[in-house]
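Report on the structure given below.
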Amino acid sequence: KILANTLFLGKDVIYLPDCHSTNQLAMEMLKDKKVAEGSVVITDHQTKGKGQRGNTWESQEGKNLTFSIILMPRFLDAMDQFYLNMVVSISILEAIDDIIAGLKVKWPNDIIHQYDGKIAGILIENIISQSKIESAVIGIGLNVNQRYFQTETATSLSNLSGFDFDKHAIFEKLIQKLEFHYLELKKGNRKSIKDQYLKNMYRYHEMGDFEDKEKFKGKILGVKEDGRLIIEKDTGSQNYYAFKEVKFL
Ligand code: BTN
């Protein structure tokens with residue numbers, strides 16, 4: 003089905019009832035080179051859905067959105083790749099924030115309910131050439147109508163609201179938001195993207211518990227250009243953390 007309300011995103015949607023991983027498939031398509039920017043691979047069932055940190059992504063057949071988008075953000079330096087993460091995070095939030103209140107983005111890019119678990123995950127795989135992002139596969143898993151999860155911290159829109167949703171309508175809205183914010187980034191409107199990300203960030207400017215090499219109290223001051231998290235410890239020191247170097251407790 004072709005999406006009417008976008009310029010390039012989702013003009014080419016490849017639907018597969020089953021596949022191993024839409025991210026992996028999209029990466030393979032990129033190697034074949036004949037793929038247009040904005041193409042989307044979507045499935046009802048992944049047999050080997052990939053999560054961050056080498057985890058698997060749990061998603062019950064037919065219930066949720068699991069898809070990958072191919073972008074070619076050659077205007078973006080490899081060093082600035084976190085802007086793409088921010089674009090995707092704020093787009094997901096905007097696509098669902100009229101359904102549920104209290105959604106936040108937990109750095110770097112988990113979409114969570116502030117009290118009630120993770121609702122969406124993002125896995126971005128970049129192909130870098132001459133310090134530019136030649137192409138990027140944006141994998142999104144958004145839990146819509148699944149009620150029971152093996153993963154303790156996972157939840158869904160239907161769990162949080164008590165209702166079931168039309169996942170195709172949510173998909174279309176999300177694609178529109180993604181195109182809008184991606185073009186915003188392409189135009190160089192970086193400040194607006196970062197502001198929106200910080201505005202919706204979980205535990206931003208709140209004192210809380212973290213762990214690096216040891217447990218500590220601190221508050222998030224922001225993110226660096228390269229995506230590192232800035233935390234001020236209660237001892238007064240400022241620290242920068244790359245992905246995996248700090249845990250929220
Ligand atoms: C995370 O661990 O939070 C990231 C999860 C990303 C899951 C999505 S589902 C569609 C796409 N294909 C994959 O294999 N993974 C991503």
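Position 242 of the sequence shown, counting from 1, maps to 244 under the UniProt record's numbering, and the rest follow consecutively.
Built from N, CA and C at the ideal position, the CB exists for glycine as well.
### Query
Regarding GLY53 and the ligand PLP, is the C-beta to nearest heavy atom distance less than 8 Å?
Summarising the ligand content, the structure contains the ligand BTN and does not contain the ligand PLP.
### Query
Is the distance from the Cβ of MET31 to the Cβ of SER23 below 9 Å?
no
### Cβ neighbours of GLY201 in the same chain (closer than 7 Å, five flanking residues each side left out)
Reading off the sequence shown, one finds Lys at residue 201, where the question assumed Gly. There are no such residues.
### Message
Buried or exposed, going by whether 16 or more other CB atoms sit within 10 Å of the CB of ASN57?
### Response
exposed
### Task
Rounded to whole angstroms, what's the CA-CA distance from residue 273 to SER158? Just pull it up for me.
Residue 273 is absent from the structure shown; the chain starts at 3 and stops at 251.
#### Entry: Close-in-space but distant-in-sequence residues of the same chain around LEU125 (CB under 7 Å, 5 per side omitted)
ASN25, LYS52, GLY53, GLN54, GLY141
### Task
Compare the beta carbon distance of LEU11 and ILE129 with 9 Å and say whether it is the shorter of the two.
no
### Proximity winner among ALA171, LYS175, GLY119, relative to ARG149 (alpha-carbon distances)
GLY119
### Task
Mind reading off the beta-carbon distance from LYS33 to ALA80? Whole number of angstroms is fine, and I expect it under 8 Å.
Not quite, the Cβ-Cβ distance comes to about 19 Å (not below 8 Å), so this is no contact.
### Message
Output needed for ASP14: all residues of its chain with C-beta closer than 6 Å, excluding positions within five of it in sequence on either side, in chain order.
### Response
ALA38, SER41
### Query
For the alpha helix (DSSP H) that contains TYR199, what are its first and last residues?
192-201
### Task
Go through its chain and collect everything with a Cβ distance to LEU27's Cβ below 6 Å, but skip five positions before and after it.
CYS21, VAL43
### Task
State the Cα-Cα distance for the pair TYR242 and ARG230, rounded to the nearest angstrom.
6 Å
### Task
Return yes when at least one heavy atom of the ligand BTN lies under 8 Å from the C-beta of GLY143, else no.
yes
### Task
Name, in chain order, the residues that DSSP records as bridge partners for HIS115.
LEU105, GLY119
### Residue environment, PRO19, which counts as buried when at least 16 other CB atoms sit within 10 Å
exposed
### Message
Considering just the uninterrupted stretch of the beta strand (DSSP E) at ALA138, what are its terminal residues?
### Response
134-144
### ASP82, DSSP secondary structure in three states
helix
#### Entry: PHE77 versus PHE84, LYS188, SER194, PHE165, residue with shortest Cα-Cα distance
LYS188
### Query
If you drop the 5 nearest sequence neighbours on each side, which residues of the same chain put their C-beta closer than 6 Å to that of SER137?
LEU32, MET74, ILE129
### Query
Is PHE218 helix, strand or coil by DSSP?
strand
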